[in-house]
Amino acid sequence: MYNLEACRQFYHGKRVLVTGHTGFKGSWLCRILALAGAQVTGYSLEPPTDPSLFRMTGLEAWIDSVTGDIRDLQSLKKVFERVRPELVIHLAAQPIVRDSYRQPVYTYETNVMGTVNLLECVRLSPETKSVLNVTTDKVYENQEWEYGYRENDPLDGYDPYSNSKSCSELVTHSYKKAFFGDRHCAVSTARAGNVIGGGDFANDRIIPDCVRAQAAGKEIVVRNPYSTRPFQHVLEPLFVYLEIMQRQYEDPAFQGYYNVGPDDGDCVSTGELASLFCELWGGEARWVSRHDGGPHEANFLKLDCSKLKRTFGWQPRWHIREALRLTVEWSQAYLAGEDMLAVTDRQIREF
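Just so it is clear: in the sequence shown, position 327 is 821 by my numbering, and no numbers are missing.
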């Protein structure tokens, strides 16, 4: 199984560029790479939330952190010219469905033109050998099917966020065919499901909403308890991303499009997830259903990850109960004022 030690054997000393490094997934990823001994450069806006995992773990002291907008091609080019990254992972995005209804133009500019800018810099960077664009499970045309979507199913996200990520996939496909056919750089995309874990403070996400409610001594409000999503701990896809980047760096035959999600048993409704959260949190934790009349969101969505399992021999390590237990453990440590870098490192090593 791919873990921190396997990561260290390959990434130690490698120049790695991470876009969106100040976000939730980006912060966990940068910490893994720092522990593996990589030379990490991050390119991102300021942390999207306050508090933020990036700030509370002091990650700025461990990596080369650049504040920049993925929509700014010239700024990004300067970073590529200075750093000459060997591996690039693209996480920078406007990632919230509801925010995409409020800010559709910004969402498309960030998620589509941001991908164009990133791949244009890669095209001009002879040192870059491996690139991964992280999108979402929501890129597929959602028919509310009970079976998981496969990598060859049609791409057509409904809302501006999901659709912009479908477009990001198409941009990647085009650049790959038009400019990287000589295999000087391997390019893949990873379509990941919903992630949970300590340090997510985003708005309009079920687990951060649960934690905020407990911190305030309030009941948890669940907007749609019957919507089903594939939930996994944030470390699951991050180690998959790192393995994909390594394997295609070593052999371009591994490049492709990969679904990265949990097993069917970990596709649960938000109501079930909230109930399990309350059980693990303990005390007076409870939730209520209260739809707020918000915009369209899919009711049922899951991924078929058989390609990933077949190609890399991958299996999920932490199922939903364990993933949520570790999320609760991290969040309660945070509210108790513990050293969150130490807690984060402990969970990475435990994984």
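The beta-carbon is built from N, C-alpha and C at its ideal position, and this holds for glycine as well.
Beta carbon of residue i nearer than 8 Å to that of residue j
| i | j | result |
| --- | --- | --- |
| aspartate 558 | valine 582 | no |
| arginine 617 | tyrosine 669 | yes |
| tyrosine 537 | histidine 506 | no |
| glutamate 580 | arginine 677 | no |
| threonine 629 | serine 662 | yes |
| tryptophan 775 | glutamine 708 | yes |
| leucine 585 | glycine 517 | yes |
| leucine 649 | valine 625 | no |
| glycine 520 | arginine 565 | no |
| leucine 802 | tryptophan 812 | no |
| threonine 838 | threonine 551 | yes |
| leucine 498 | leucine 529 | yes |
| aspartate 647 | leucine 795 | no |
Nearest residue (CA-CA) to residue i, options the options
| i | options | result |
| --- | --- | --- |
| tyrosine 641 | Thr821, Asp798, Pro731 | Asp798 |
| aspartate 563 | Trp556, Gly552, Arg578, Glu540 | Glu540 |
| cysteine 501 | Cys524, Pro746, Leu567 | Cys524 |
| lysine 659 | Lys671, Cys679, Arg699, Tyr600 | Tyr600 |
| arginine 578 | Glu816, Gly755, Leu511 | Leu511 |
| glycine 777 | Glu713, Leu567, Asn646 | Glu713 |
| tyrosine 720 | Phe733, Ile700, Glu730 | Ile700 |
| tyrosine 496 | Leu732, Glu603, Ala710 | Leu732 |
| aspartate 544 | Trp824, Pro702, Lys796, Tyr743 | Pro702 |
| leucine 841 | Ala830, Leu818, Val665, Arg576 | In the sequence on display, residue 841 carries glutamine and not leucine. The option with the nearest alpha carbon to glutamine 841 is Leu818. |
| arginine 784 | Val715, Phe771, Ala827, Ser800 | Val715 |
| proline 746 | Trp808, Gly675, Gly711 | Gly675 |
| threonine 513 | Ser546, Pro598, Thr604, Thr551 | Thr604 |
| phenylalanine 504 | Ala710, Leu835, Ile738 | Ile738 |
| leucine 567 | Asn611, Val665, Cys704 | Asn611 |
| valine 834 | Gln749, Gly693, Gly807, Lys671 | According to the sequence as given, residue 834 is methionine; it is not valine. Checked all of Gln749, Gly693, Gly807, Lys671; the closest Cα to methionine 834 is Gly693. |
| arginine 858 | Gln826, Arg549, Glu638 | With the chain represented from 495 up to 845, any question about residue 858 goes unanswered, as that position is not in the structure. |
| glutamate 823 | Ser800, Gln809, Cys772, Trp808 | Cys772 |
| arginine 815 | Val665, Ala710, Pro756, Arg843 | Pro756 |
Enclosing beta strand (DSSP E) for residue i [first to last residue]
| i | result |
| --- | --- |
| alanine 686 | 680–686 |
| threonine 561 | 558–561 |
| arginine 509 | 509–513 |
| tyrosine 752 | 751–754 |
| leucine 498 | Looking at the DSSP string, leucine 498 is not in any beta strand (DSSP E); the run it does join, the alpha helix (DSSP H), is 498–505. |
Any non-hydrogen atom of the ligand NAD within 7 Å of residue i CB
| i | result |
| --- | --- |
| aspartate 558 | With respect to the ligand NAD, the structure offers nothing, as it holds no ligand at all. |
Residue i: first and last residue of the uninterrupted alpha helix (DSSP H) it sits in
| i | result |
| --- | --- |
| phenylalanine 673 | 654–673 |
| arginine 804 | 800–806 |
| leucine 774 | 764–775 |
| isoleucine 738 | 729–744 |
| asparagine 611 | 608–617 |
| valine 573 | 567–577 |
| valine 633 | Per DSSP, valine 633 belongs to no alpha helix (DSSP H) and is neither H nor E. |
| tryptophan 824 | 814–829 |
Any 3 or more C-beta pairs closer than 8 Å across the stretch 650–665 and the stretch 591–598: yes
Cβ contact check for the stretch 708–725 and the stretch 763–770: 3 or more pairs under 8 Å: The way I'd put it, the stretch 708–725 does touch the stretch 763–770; three or more beta-carbon pairs between them come closer than 8 Å.
Is the stretch 594–601 in contact with the stretch 570–579, if contact means three or more CB pairs nearer than 8 Å? no
Contact between the stretch 751–763 and the stretch 681–696 is defined here as three or more beta-carbon pairs at a separation below 8 Å; is this criterion met? yes
Enumerated in chain order, which unbroken segments of the beta strand (DSSP E) with a length of 3 residues or greater are wholly contained in the stretch 520–548? 533–538
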